Amino acid sequence: MKDKALRRHQEFKAKIKSQKNYNSCIPDLPESERQELENNIEKLKKVCISSHLEEKEQNYSKKPLQVRKHDISMREQLN
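Per the working numbering, the very first residue in the sequence shown carries number 127; after that it's consecutive.
Structure below.
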């Protein structure tokens, strides 16, 4: 019972942290990119989620959002 409650608590904390990361990502974008990505919600999510994953993988190197957006666009074009 204790394990189940602990797991639920950890999942809840992870969900709140991901929402904060996503919400803080949107204002960080320049106005032109924000307008461009508002129409494409999936791409906006990819930019914000990829920023969170990259930060987790590589805390020592931080890429600007423009570079991450460009990387995602290039990956999509290659696929």
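Even for Gly, the Cβ is constructed at its ideal location relative to N, Cα and C.
The model shown is predicted, which means the values in this text are computed figures rather than measured ones.
If you drop the 5 nearest sequence neighbours on each side, which residues of the same chain put their C-beta closer than 7 Å to that of residue 139? none
For residue 185, collect the residues of the same chain with a Cβ closer than 7 Å to its Cβ; drop the 5 residues on either side in sequence, then sort them by chain order. Because residue 185 carries a pLDDT of 45, less than 50, the predicted location of this residue cannot be relied on, and the following value inherits that uncertainty. Here the set comprises nothing.
For residue 190, which three-state DSSP category applies? coil
For residue 168, the nearest candidate out of 202, 130, 192 and 156 (CA to CA): 202
As a quick exercise: from 131, 192, 143 and 200, pick the residue whose alpha carbon is nearest that of residue 159. 192
Taking the beta carbon of residue 195 as the centre, do at least 16 other beta carbons fall within 10 Å, making it buried, or is it exposed? buried
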